[in-house]
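Engineer: Just so it is clear: in the sequence shown, position 334 is 333 by numbering that gives the first Met the number 0, and no numbers are missing. Cβ coordinates follow ideal geometry from the N, Cα and C atoms, glycine included. The model shown is predicted, which means the values in this text are computed figures rather than measured ones.
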Amino acid sequence: MTTEKSINQEKQQKINRTLVLRLVRQEKLASRAEIAKLSGLQRATITNIVKELIELGIVVEDGLLSGDKGRRSIGIRINGEKFCVAGVMVTREYFGVSLIGLSGEIRETRYFKMEETDSVSESIRRITTEIHGMIEAHKQEFQTLAVGVAVPGPYKMDGDEVVFVTNLVGWDGSPISSLLQADFNIPVYIENDANAGAFAQLWNYEKSLSRKDMAYIVAGQGIGCGIISNGMLLKGALGIAGEIGHTTIDYCGPRCECGNYGCLEMYCSLLVFKKNIRTRLAKGEESCVREEYEKKGFLTQSMLKNAMEKGDSLVQEEFNKMCEYLAVGIINVINQLNPELVIIGDSLAEIGGEYMLTKIKRKIQERVRPIIWDNLQIELNEIPENPILVGAAAIAAQRVFENPAEFIK
Numbered sequence: 000m001t002t003e004k005s006i007n008q009e010k011q012q013k014i015n016r017t018l019v020l021r022l023v024r025q026e027k028l029a030s031r032a033e034i035a036k037l038s039g040l041q042r043a044t045i046t047n048i049v050k051e052l053i054e055l056g057i058v059v060e061d062g063l064l065s066g067d068k069g070r071r072s073i074g075i076r077i078n079g080e081k082f083c084v085a086g087v088m089v090t091r092e093y094f095g096v097s098l099i100g101l102s103g104e105i106r107e108t109r110y111f112k113m114e115e116t117d118s119v120s121e122s123i124r125r126i127t128t129e130i131h132g133m134i135e136a137h138k139q140e141f142q143t144l145a146v147g148v149a150v151p152g153p154y155k156m157d158g159d160e161v162v163f164v165t166n167l168v169g170w171d172g173s174p175i176s177s178l179l180q181a182d183f184n185i186p187v188y189i190e191n192d193a194n195a196g197a198f199a200q201l202w203n204y205e206k207s208l209s210r211k212d213m214a215y216i217v218a219g220q221g222i223g224c225g226i227i228s229n230g231m232l233l234k235g236a237l238g239i240a241g242e243i244g245h246t247t248i249d250y251c252g253p254r255c256e257c258g259n260y261g262c263l264e265m266y267c268s269l270l271v272f273k274k275n276i277r278t279r280l281a282k283g284e285e286s287c288v289r290e291e292y293e294k295k296g297f298l299t300q301s302m303l304k305n306a307m308e309k310g311d312s313l314v315q316e317e318f319n320k321m322c323e324y325l326a327v328g329i330i331n332v333i334n335q336l337n338p339e340l341v342i343i344g345d346s347l348a349e350i351g352g353e354y355m356l357t358k359i360k361r362k363i364q365e366r367v368r369p370i371i372w373d374n375l376q377i378e379l380n381e382i383p384e385n386p387i388l389v390g391a392a393a394i395a396a397q398r399v400f401e402n403p404a405e406f407i408k
């Protein structure tokens, strides 16, 4: 009985500690009284938690704030200068590495090309080398406490495996966490890229999103959906919910690598967009991207964005198809989950911007019931940094917030 009671106390302490750190990070600078008011916890509880966090160095006292009855209170803030986490995102074409302070400031970000000829173990070796290099370069400035990694495709957490990834040979079934953790003496956490992107929205805009049902649509090299329900990530029984890229939009369509037929991702993604343009260029059709494409031998996101801004007819026609298919996928999400907010991010959203948003909103309004449309917001991602990379780091930071004493040596 005592054991069960102590376990429950430890669990409650962990919840309270995480809540306090979240509120301090969210407010940027807050007094103990403000934290007590926002959290609903007793002042004595706040005093004890803050004392513990100051001793660990994860929060610091900083400045004076106006308090009740004209009294001045000491402000508390996250010690983002002393501690940080590493965020990593893996895509089919490149991987990114970032160091982010616990209060959210980006210290450094770098991107590296994924080599098609590399095996999974070789890719992991390159990724770990770059993470170690970045951590080592900044070790005199701050301590890196954990690493968060966002991977494309569904990730089965309890089995430590990427279930499947289209267009990324050899990664299916790979024990990514074990392979990465073997090279680190700090914890490594893995998450699906769409979930990481959704968590970044929650992390950055917690005040406005904490009670919302939201769908974050990743429209990039693949198509995915991170789901926030009542302020929490919704992952499903195996942790692989939200795979809208592998929902059927044409039941007579071609077979996908996942085993299904007519998957959304076979009709809509950055890879499909580029492939369709290359096919038309090979047939001799004209486009403003031709000269640069023939010089480089490949299409870049900036080339396509510039072509869209110039109103290039070939690129715009193909982009319109992407918008049509993506709208159908989002409509399915809306009808299944009834979110009040849909945020669209990643490469296609960056290429199309407001043009894409207008097209998609128009199609959705045509096809969903008025009561749903009237209670729905559809927006583009507004996080200036890559939200998947930010989300990967934020997931690691969240683990630190749950029990900082385990991370700070």
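Strictly by DSSP, which residues pair up with Gln142?
Structural biologist: Numbered from 1 along the sequence shown, position 143 holds the residue referred to as residue 142. DSSP, once it has assigned bridges, lists Phe82 as partnering Gln142.
Engineer: Say the cut is 7 angstroms; is the CB of Thr116 nearer than that to a heavy atom of the ligand SAH?
Structural biologist: No copy of the ligand SAH occurs in the structure displayed, which carries no ligand at all.
Engineer: Going by DSSP, which residues form a beta bridge with Ile127?
Structural biologist: Looking up residue 127 in the sequence shown gives position 128. It is Thr, not Ile, that sits at residue 127 in the sequence shown. In the DSSP output, where bridge partners are listed per residue, Thr127 has none listed.
Engineer: Of the residues Tyr154, Thr116, Thr108 and Phe318, which one's Cα is nearest the Cα of Pro383?
Structural biologist: Here the question's residue 383 lines up with position 384 in the sequence shown. For the residues Tyr154, Thr116, Thr108 and Phe318, the minimum Cα distance to Pro383 belongs to Thr108.
Engineer: Taking the beta carbon of Ala326 as the centre, do at least 16 other beta carbons fall within 10 Å, making it buried, or is it exposed?
Structural biologist: Here residue 326 corresponds to residue number 327 of the sequence shown, with the count starting at 1. Buried, because 16 or more other Cβ atoms sit within 10 Å of the Cβ of Ala326.
Engineer: Give the single residue among Ile371, Thr299 and Val389 whose Cα lies nearest to the Cα of Ile350.
Structural biologist: Locating residue 350 in the sequence shown gives position 351, where the first residue counts as 1. With distances taken between Cα atoms, Ile350 lies closest to Thr299.
Engineer: Determine whether the beta carbon atoms of Lys276 and Val217 lie at a separation below 8 angstroms.
Structural biologist: As a working mapping, residue 276 is identified with position 277 in the sequence shown. As a working mapping, residue 217 is identified with position 218 in the sequence shown. The sequence shown places Ile at residue 276, not Lys. Taking 8 angstroms as the Cβ cut-off, Ile276 and Val217 do not qualify as a contacting pair.
Engineer: If we count the other Cβ atoms within 10 Å of its Cβ and call it buried at 16 or more, is Met231 buried or exposed?
Structural biologist: The count along the sequence shown starts at 1 and reaches residue 231 at position 232. Under this definition Met231 is an exposed residue.
Engineer: For the putative contact between Val146 and Ile123, defined by C-beta atoms under 8 angstroms, what is the C-beta separation to the nearest angstrom?
Structural biologist: Reading the sequence shown from its first residue, position 147 is the one you call residue 146. Reading the sequence shown from its first residue, position 124 is the one you call residue 123. Not confirmed; about 12 angstroms, so no contact.
Engineer: If you measure between the beta carbons of Gly328 and Leu263, is that distance less than 8 angstroms?
Structural biologist: Walking along the sequence shown from the start, residue 328 turns up at place 329. Walking along the sequence shown from the start, residue 263 turns up at place 264. Yes. Within cutoff.
Engineer: For Val59, which of Glu80, Asn15 and Tyr250 has the nearest alpha-carbon?
Structural biologist: Along the sequence shown, one-based indexing puts residue 59 at 60. Taking only the C-alpha atoms, the option nearest Val59 is Glu80.
Engineer: Identify every residue that forms a DSSP beta bridge with Ser72.
Structural biologist: The residue you call residue 72 lines up with position 73 of the sequence shown. Per DSSP, Leu64.
Engineer: Going by C-alpha to C-alpha distance, which of Leu98, Ser118, Tyr154 and Val288 sits closest to Gly241?
Structural biologist: Taking the first residue of the sequence shown as 1, we reach residue 241 at position 242. That would be Tyr154, whose Cα lies nearest to the Cα of Gly241.
Engineer: Roughly how many angstroms separate the alpha carbons of Arg126 and Phe183, rounded to a whole number?
Structural biologist: As a working note, residue 126 is residue 127 in the sequence shown. As a working note, residue 183 is residue 184 in the sequence shown. First, the amino acid is wrong: residue 126 is Ile here, not Arg. Roughly 12 angstroms separates the two Cα atoms.
Engineer: When we look at the beta-carbon of Lys408 and count the other beta-carbons within 10 Å, is it buried (16 or more) or exposed?
Structural biologist: Here residue 408 is taken as the residue at index 409 of the sequence shown, counted from 1. Counting Cβ neighbours within 10 Å, Lys408 comes out exposed, since fewer than 16 surround it.
Engineer: First and last residue of the beta strand (DSSP E) that includes Gly225?
Structural biologist: The residue labelled residue 225 in the question sits at position 226 within the sequence shown. Element bounds for Gly225: Ile222 to Ser228.
Engineer: Please name the residue, chosen from Glu316, Asn15 and Gly344, that lies closest to Asn380 on a Cα-to-Cα basis.
Structural biologist: Taking the sequence shown and counting its residues from 1, one reaches residue 380 at position 381. Among Glu316, Asn15 and Gly344, the Cα nearest to that of Asn380 is on Gly344.
Engineer: Just checking, does the region 253 to 262 make contact with the region 294 to 308 on the three C-beta pairs under 8 angstroms criterion?
Structural biologist: They do not touch, by the three-pair rule.
Engineer: Taking one C-beta from the region 88 to 104 and one from the region 385 to 396 each time, how about it: are there three or more such pairs within less than 8 angstroms?
Structural biologist: Yes, the region 88 to 104 touches the region 385 to 396.
Engineer: What does a CB cutoff of less than 6 angstroms around Met0 pick up in its chain, not counting 5 residues either side in sequence?
Structural biologist: Translated into the one-based positions of the sequence shown, residue 0 becomes position 1. Below a pLDDT of 50, predicted positions are generally treated as unreliable, and Met0, at 48, falls in that range; the measurement from the model is reported next regardless. Excluding sequence neighbours, Met0 sits near nothing in its chain.
Engineer: Report the three-state DSSP secondary structure of Glu284 (helix, strand or coil).
Structural biologist: In the sequence shown, the residue the question calls residue 284 occupies position 285. Three-state result, Glu284: coil.
Engineer: One question on the structure: do Asp212 and Glu339 come within less than 8 angstroms of each other, judged by their Cβ atoms?
Structural biologist: Within the sequence shown, numbered from 1, the residue matching residue 212 stands at position 213. Within the sequence shown, numbered from 1, the residue matching residue 339 stands at position 340. Against a cut-off of 8 angstroms, the Cβ pair of Glu339 and Asp212 comes out as a contact.
Engineer: With DSSP run on the structure shown, which of helix, strand or coil describes Val367?
Structural biologist: For the purposes of this step, residue 367 is taken as residue 368 along the sequence shown, with counting starting at 1. Val367: coil per DSSP, three-state reduction.
Engineer: Ignoring anything shorter than 4 residues, give me the alpha helix (DSSP H) runs that lie fully in the region 299 to 333, in order along the chain.
Structural biologist: Runs found: 300 to 309.
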